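To start, the structure under review is shown below, and the notes come after it.
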């Protein structure tokens, strides 16, 4: 996980995008992102409703949240519940237009393993 200041993203929509590969996931895995105002969470998505399950080849996944103007921090990472393994690489956090949610990538990344 990583936490950053929300100052450069205040009042904007941001997308966390990353390449993820999975193996033998017994429950689910997903990218996650949280926006906070001080100690209060104001936006959150962990892909639980669309979790990565089983074995999946390298694919891009997105988490998109609106960052309120008074937000103070953005935290993000990847999680794994239950047995299995996930690899992630080439994470990006970028400002996007309201209608922009996904774009395709063509190269496979180097990996970081999480168990």
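Residue numbers (my numbering): 903 to 1017. Glycine included, each C-beta is placed from N, C-alpha and C at the ideal position. Please read these numbers as outputs of a predicted model, since none were measured by experiment.
Helix, strand or coil at residue 941 [DSSP, three-state]: Correct three-state label for residue 941: coil.
DSSP three-state assignment for residue 909, whether helix, strand or coil: In the structure shown, residue 909 falls within a helical segment according to DSSP collapsed to helix, strand and coil.
Where residue 999 sits in the DSSP three-state scheme: Three-state DSSP puts residue 999 in coil, outside helix and strand.
Contacting residues, own chain, Cβ-Cβ under 8 Å from residue 913 (five flanking each side not counted): Excluding sequence neighbours, residue 913 sits near 969, 970, 971.
DSSP three-state assignment for residue 968, whether helix, strand or coil: Residue 968: strand per DSSP, three-state reduction.
Rounded straight-line distance, which links the Cα of residue 933 to that of residue 956: Straight-line Cα distance between these residues: approximately 15 Å.
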